[in-house]
Amino acid sequence: MTQPNLDPSAPFRHALIDVHSNYRSQRLTHEAPDELVSDAVTPKVLRPHLVRSGFFLTLFLFTWALLFLVSFFALAANAANAFNGGSGDTPFTGLVYLVLFLQLLVVAAWIVALCLPIREPIAEYGLLIEGRAPASAVAYAWIVNTIRARQSPFSTDFAKVQGFPVLLLANRREEGFVIVRPVGNDLYLGWSMWRSRSTFVLIGHIFRDMFSGMGGKGLDGEVRAAATRALRELIHSVTREGVQAAILQPPVPEDAARAQIDQLRDLSAHPTGYVAGHPTTQAYYPPQQQTQQVRPPYQQPPQG
């Protein structure tokens, strides 16, 4: 009588199922709308743009007042020079041109600042696992395998930042970031999610929201918010699996996991532009074809 081949990862998969089931059981009731998820322009979102524009407006008014004073003294000096029978420009004339040049620089810098995106935080999560720093490579490897098996439609990238492995996800202007890093003998796993918009884009979204209800039901914003919520839940889900991998140590070869991290490119040394917007290279992993459904690692049937 032959003994069946038991899957060594079966206990870990059952533990993951329990973790996800416990999370879902805590989300059975409705919640108040999260205004940070929607891309609608709110006073909280508008505030940093107003602060930045207020700074440049203050500089512009200061240079304008300085130009007025310098011009006044220049006119007075030229009048005195003409009364005394002198000719030529006074030193104040050069100062007038200098202040005008500074004023043009302020305006140019203001226009450039209006084109630069400002990060709008959406959500974040972090957990410190005591005494599990040696499991960092295995935890990140499990996150990588899980996100690949999920066949997510979002843009995905794997890289290192300052030597720590990270997972980057993006959905248009919304971006997410998962990091696994040792902190002494402990292990930290966390994620953050944000949206990046420039002031010009924000002004366009203000008019879009103003007229979104005209000629329709205005459901486009709800669909965009649903995609943002899906990205947030996906990031939190794979992070939960990474936490369990750090605690329970699944049957993942540690040498292979560390070799995988060593092969990641370092964004600190070779920036790709991903964090500021969308990936500029094809280094990310596109979604797999749906011809053959691939289950997440914890849902794979045990090998018999």
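Take the sequence shown: its position 198, counted from the start at 1, is 198 in my numbering, and no numbers get skipped.
Here a beta-carbon is modelled for each residue, glycine too, at the ideal position from N, C-alpha and C.
Considering only C-alpha positions, which residue in the set the options is nearest to residue i?
| i | options | result |
| --- | --- | --- |
| R197 | D34, D39 and E35 | D39 |
| V51 | V107, A74, L95 and A113 | A113 |
| V238 | R265, G94, E254 and W191 | W191 |
| D266 | V41, D220 and A159 | A159 |
| D34 | A225, Q249, L67 and R150 | A225 |
| R240 | G54, V180 and S71 | V180 |
| R47 | A76, P134, D220 and T199 | T199 |
| L36 | I247, T228, Q263 and Q249 | T228 |
| Y97 | A109, A74 and E130 | A74 |
| A230 | T42, W142 and R150 | R150 |
| V76 | W64, T63, L61 and T93 | Per the sequence shown, residue 76 should be read as Ala rather than Val. The candidate whose alpha carbon is nearest that of A76 is T93. |
| Y125 | S53, E233, V183 and P43 | E233 |
| V70 | L95, S53 and S152 | L95 |
| P253 | P153, S136 and F55 | S136 |
| P116 | E222, Q263, L202 and V223 | Residue 116 is actually Leu in this sequence, not Pro. Of E222, Q263, L202 and V223, the residue nearest in Cα terms is L202. |
| D157 | P43, L264 and S268 | L264 |
| P250 | N145, F211 and G221 | N145 |
According to DSSP, is residue i helix, strand or coil?
| i | result |
| --- | --- |
| R229 | helix |
| V144 | helix |
| L116 | coil |
| F158 | strand |
| T63 | helix |
| V37 | coil |
| S152 | coil |
| L128 | strand |
| L169 | strand |
| P121 | strand |
| L57 | helix |
| Q293 | Here the model assigns Q293 a pLDDT of 42, short of 50, so the residue's position is not dependable, and the following value carries that caveat. Q293: coil per DSSP, three-state reduction. |
| V96 | helix |
| R208 | helix |
| R265 | coil |
| S192 | strand |
| L187 | strand |
Is there a C-beta anywhere in chain C that falls below 7 Å from the one on residue i?
| i | result |
| --- | --- |
| Y97 | No chain C appears in this structure, which consists of one protein chain only. |
So, using beta-carbon positions, are residue i and residue j closer together than 7 Å?
| i | j | result |
| --- | --- | --- |
| Y140 | P165 | yes |
| V138 | A257 | yes |
| A245 | W142 | yes |
| V45 | H205 | no |
| V106 | T63 | yes |
| L167 | V178 | yes |
| V243 | L169 | no |
| N185 | A108 | no |
| E120 | R195 | yes |
Can you tell me the Cβ-Cβ gap for residue i and residue j, rounded? I've got them flagged as a contact below 8 Å.
| i | j | result |
| --- | --- | --- |
| M193 | I235 | 6 Å |
| H49 | I118 | 6 Å |
| I129 | I247 | 6 Å |
Counting Cβ pairs closer than 8 Å, one from the region 165-174 and one from the region 99-113, do we hit at least three? no
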